[in-house]
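Inspection log for the structure reproduced underneath, given as structure tokens.
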């Protein structure tokens, strides 16, 4: 996939982020990496992966957040975006354009 899809999202606090899909192969690698040895996803690993590979603007790290709620909101939106779970939101965005 040479042309990676991007999406702008805004959190409840009004901060805007740009998400970029890293490609299907990388999504499968990410979902494998975030699991512990028992196959259970780690919140910290998920956050680090989303912030490193999906949130492209502004570039932020886990330690840059003052609010746990803000961090979990953007990580959740990023994960939903790359796994295709935000289809309703995508349809709403398409109607707005």
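Numbering (the working numbering), first residue to last: 66 to 162.
All C-beta atoms, glycine included, are put in the ideal place defined by N, C-alpha and C.
In whole angstroms, what separates the C-alpha of residue i from that of residue j?
i           : j           : result
residue 114 : residue 150 : 17 Å
residue 97  : residue 106 : 9 Å
residue 138 : residue 87  : 19 Å
residue 70  : residue 147 : 10 Å
residue 134 : residue 91  : 26 Å
residue 101 : residue 117 : 19 Å
residue 54  : residue 130 : Nothing can be reported for residue 54, as the shown portion of the chain is limited to 66 through 162.
residue 93  : residue 104 : 14 Å
residue 79  : residue 140 : 15 Å
Can residue i and residue j be called in contact, C-beta distance under 8 Å?
i           : j           : result
residue 125 : residue 84  : no
residue 145 : residue 127 : no
residue 99  : residue 142 : no
List the DSSP bridge partners of residue i.
i           : result
residue 85  : 71
residue 106 : 100
residue 135 : DSSP lists no partner for residue 135.
Classify residue i: buried if its beta carbon has 16 or more other beta carbons within 10 angstroms, exposed otherwise.
i          : result
residue 89 : exposed
Under 7 Å: does the beta carbon of residue i sit that close to some heavy atom of the ligand NAP?
i           : result
residue 135 : Of the ligands one can find in the structure shown there are none, so the ligand NAP has no counterpart to examine.
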